[in-house]
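Residue numbers (our numbering), protein chains in the order written: chain A, 1 to 430; chain B, 431 to 860.
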């Protein structure tokens, strides 16, 4: 088929009518499907079921350093958990602290702490400064943006490319001392699925920032979430930052939420010894410690890095299949000039750019046919997509059959909205 | 024996020499004992061991409302957990939210949120006000005091009495609009073990506060921690506050840390619907949700309030015995005029007031003989006991035999320090 833009008035109208009829058929089916949620299907959760019933007798509740994990003690994580998780991520265990069930909470804590007490390099607590700004790579993760939004930062958008944020734009923005940081999901970025190139990591690590306390919030949420053995490779940002004397710039996060159970796992925060030292008294005021029993449970379940790798490959089979279904469906949009999408090697999302000005329309069509999409604009600061074109596709939650059906309706809706827009613009309908 | 103060010079010197010789004997034994830590002994932890291995198969991981607890979802706690915990504490489930493994973290979160965003009734975020103050009931819980200290409040001490804080002093202090709140452990207060009287609760609930956003941090940490069926009764502060239109004043906390596993349990935050509504968007920015699996595990383990009650009575047997050992030991100080102590009906601590000006000396004597006490002053703001007299005794952690020995040395050290002080003051020694 030709590009929609190249169709004649009659061809386009015919196509529109055809699509519309097909759409009405789907609508009659009163479906209820969900492509909005970046959460695992129960098949994936079942892979981790063994974690739930790890044998925990009295004697085996002891940490390697003799601490009874059933009792108070240990603020920053079991030493063996630090070692294990550091090994998985290729980090220095001395940089690692283990948190609770939510890395998002660690990010929120980290930034509220910066607001109230400042960070290494701050002249005063951030809440005593006016007009602070924060860089958001778009499309990106709404919950990241929300944290900096509620804390009162002005959110500045920078375009995501195949190799990471548009670094020319980032380097320009950080010349402003009011710009205090940037959100990054460096591997299988939410939602594009792209991984930052070596050059991008190096530029982030080395760039000159006007703010003496600029921070990179490095959320490596999909660090081990490859679909196969040839996953994307990400440079270790600490290694790079160290070369330029910028290692205090990095606040590194990860969690097992999409390894074992979302909201029932273990999170990680890594930073330079200088940063950890500055944070220590505030962390000590905040809690006596995180849940060590769950740390121990995870350790007993995985035992070593190889088992975790095997576990991820099992998940990859399930998730990869879901991605294949979506990509196969989207393929029928090829050549029509109505959409572009990413083909990630891992992670949880596909980013779909439809014809500018039609994303909301697609969302409404989908809703009309009983399919929930992530709200348009959610991937942008303040929930506003300036071009009204980006849709975040989350393939993991529905069953294979539901997913296939939902993508059929998605493809139909994308075409329908594009045809309608073109007809409108040329004033064929009204 | 007579009061030390009534002894003649010769009698006192003889007593001192006797004590000193006895002390040297203990010192020779190179002991290593610990009375400092308000944490359970492994015997107590063993009582909850069944919680560790609650059967959790795929099907039973569902919440009553159909939510798979292994997955994301539910910000403020499983409905059945809210209901269960509300029932245990006599609260309205609509006021209840369930948190993570640490109620201290919930308190820190609550106050950092107040700093950054204010609370219901605030004219602006607290961090934008100058010279804020906070009431600390002394002796009290060091970790409470620490939170308000790091947040920059000036800490004001109010004396703890047998019936709760000295309410005349509290009512006077809250006339100052800079005074934003008060820390309370209303039942089996840490460390005195006293419970607030009905009148105290009513006065706290009804008092006129100059600050429109005054808050009572009501840490009901020992709500169900009676030593027998005749435990202290505490009025429901929400019921009282409602009568005076002050229910927004209450931030209520609790946790299972001293019911099941410290740092491996479930915490609770309760507040008026107005407060919960104001907090909701910030809580939503902070986390996707707390660990629902651990909530479910606790529910499956306890099943109902009666089982929890029976569980607490089992713990009470172990803890009550420890308290009896300490109180029997302290009894030999009776009539000497060198110490006063509390005899709680529950909780985790005994508060020991030694002769003013000798607490540090007692601490040093204990240390010299190999017994660790909670640092003197820890129960006061900024770690300073103005009278140098209060010691917090934590009986739960040592074994019965160790505890008995530690209390012998404690009694000896209290006497020794008192005798030494009296001799010094009368210039008998130097």
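Note that the Cβ used here is the ideal one computed from N, Cα and C, for glycine as well.
Taking 7 Å as the threshold (beta carbon to beta carbon), is residue i in contact with chain A?
{"i": "residue 708 of chain B", "result": "no"}
{"i": "residue 479 of chain B", "result": "yes"}
{"i": "residue 537 of chain B", "result": "no"}
{"i": "residue 662 of chain B", "result": "no"}
{"i": "residue 576 of chain B", "result": "yes"}
{"i": "residue 461 of chain B", "result": "no"}
{"i": "residue 723 of chain B", "result": "yes"}
Under DSSP, the alpha helix (DSSP H) around residue i begins and ends at which residues?
{"i": "residue 854 of chain B", "result": "830 to 855"}
{"i": "residue 591 of chain B", "result": "No alpha helix (DSSP H) contains residue 591 of chain B, which is instead part of the beta strand (DSSP E) from 584 to 591."}
{"i": "residue 572 of chain B", "result": "572 to 580"}
{"i": "residue 689 of chain B", "result": "Per DSSP, residue 689 of chain B belongs to no alpha helix (DSSP H) and is neither H nor E."}
{"i": "residue 789 of chain B", "result": "789 to 798"}
Ends of the beta strand (DSSP E) at residue i?
{"i": "residue 682 of chain B", "result": "680 to 685"}
{"i": "residue 269 of chain A", "result": "267 to 270"}
{"i": "residue 862 of chain B", "result": "Residue 862 of chain B is absent from the structure shown; chain B starts at 431 and stops at 860."}
{"i": "residue 215 of chain A", "result": "215 to 219"}
{"i": "residue 128 of chain A", "result": "Segment: none, residue 128 of chain A is in no beta strand (DSSP E) and carries neither H nor E."}
{"i": "residue 769 of chain B", "result": "769 to 771"}
Go ahead and pull the three-state DSSP assignment for residue i.
{"i": "residue 670 of chain B", "result": "helix"}
{"i": "residue 736 of chain B", "result": "helix"}
{"i": "residue 611 of chain B", "result": "strand"}
{"i": "residue 19 of chain A", "result": "helix"}
{"i": "residue 524 of chain B", "result": "helix"}
{"i": "residue 390 of chain A", "result": "strand"}
{"i": "residue 62 of chain A", "result": "strand"}
{"i": "residue 513 of chain B", "result": "helix"}
{"i": "residue 860 of chain B", "result": "For residue 860 of chain B, the pLDDT reaches just 41, beneath the cut-off of 50, and the residue's location in the model is therefore unreliable, leaving the point undetermined."}
{"i": "residue 3 of chain A", "result": "coil"}
{"i": "residue 641 of chain B", "result": "coil"}
{"i": "residue 714 of chain B", "result": "helix"}
{"i": "residue 565 of chain B", "result": "strand"}
{"i": "residue 594 of chain B", "result": "strand"}
{"i": "residue 50 of chain A", "result": "helix"}
{"i": "residue 626 of chain B", "result": "coil"}
{"i": "residue 746 of chain B", "result": "helix"}
{"i": "residue 509 of chain A", "result": "This structure cannot speak to residue 509 of chain A, because chain A is shown only from 1 to 430."}
{"i": "residue 12 of chain A", "result": "helix"}
{"i": "residue 497 of chain B", "result": "coil"}
{"i": "residue 759 of chain B", "result": "helix"}
{"i": "residue 631 of chain B", "result": "helix"}
{"i": "residue 89 of chain A", "result": "helix"}
{"i": "residue 371 of chain A", "result": "strand"}
If the cut is a Cβ gap below 7 Å, which residues of chain A does residue i touch?
{"i": "residue 532 of chain B", "result": "287, 288"}
{"i": "residue 752 of chain B", "result": "Going along chain A, no residue has its Cβ under 7 Å from residue 752 of chain B, so there is no contact; the nearest lies around 16 Å."}
For chain B, is any of its Cβ atoms less than 7 Å away from the one on residue i?
{"i": "residue 56 of chain A", "result": "yes"}
{"i": "residue 429 of chain A", "result": "Low local confidence applies: a pLDDT of 47 at residue 429 of chain A is under 50, so the model's placement there is unreliable, with the coordinate-based value given in what follows. Chain B, which has no Cβ nearer than 7 Å to the Cβ of residue 429 of chain A, makes this no."}
{"i": "residue 52 of chain A", "result": "yes"}
{"i": "residue 115 of chain A", "result": "yes"}
{"i": "residue 264 of chain A", "result": "yes"}
{"i": "residue 434 of chain A", "result": "This structure cannot speak to residue 434 of chain A, because chain A is shown only from 1 to 430."}
{"i": "residue 412 of chain A", "result": "no"}
Show which residues of chain A have a CB atom less than 8 Å away from the CB atom of residue i.
{"i": "residue 470 of chain B", "result": "71"}
{"i": "residue 711 of chain B", "result": "150"}
Give the interface partners of residue i over in chain B, defined as CB-CB distance under 9 Å, in chain order.
{"i": "residue 372 of chain A", "result": "Residues of chain B passing the Cβ test: none, with the nearest at roughly 14 Å."}
{"i": "residue 443 of chain A", "result": "Nothing in the structure corresponds to residue 443 of chain A, since chain A is present only between 1 and 430."}
Note down, in chain order, every chain B residue with its Cβ under 8 Å from the Cβ of residue i.
{"i": "residue 151 of chain A", "result": "546"}
inquiry  = For the stretch 117 to 138 of chain A, list every residue whose C-beta sits within 7 Å of some C-beta in chain B, in sequence order.
reply    = Residues of the stretch 117 to 138 of chain A with a Cβ closer than 7 Å to any Cβ of chain B, in chain order: 127.
ask   = Which residues, taken in chain order from the stretch 669 to 692 of chain B, show a beta carbon closer than 9 Å to some beta carbon of chain A?
value = So the close ones are 687, 690, 691, 692.
Under 9 Å (Cβ pairs) to chain E, residues found in the stretch 797 to 823 of chain B = Looking for chain E here will not work: the only protein chains present are A and B.
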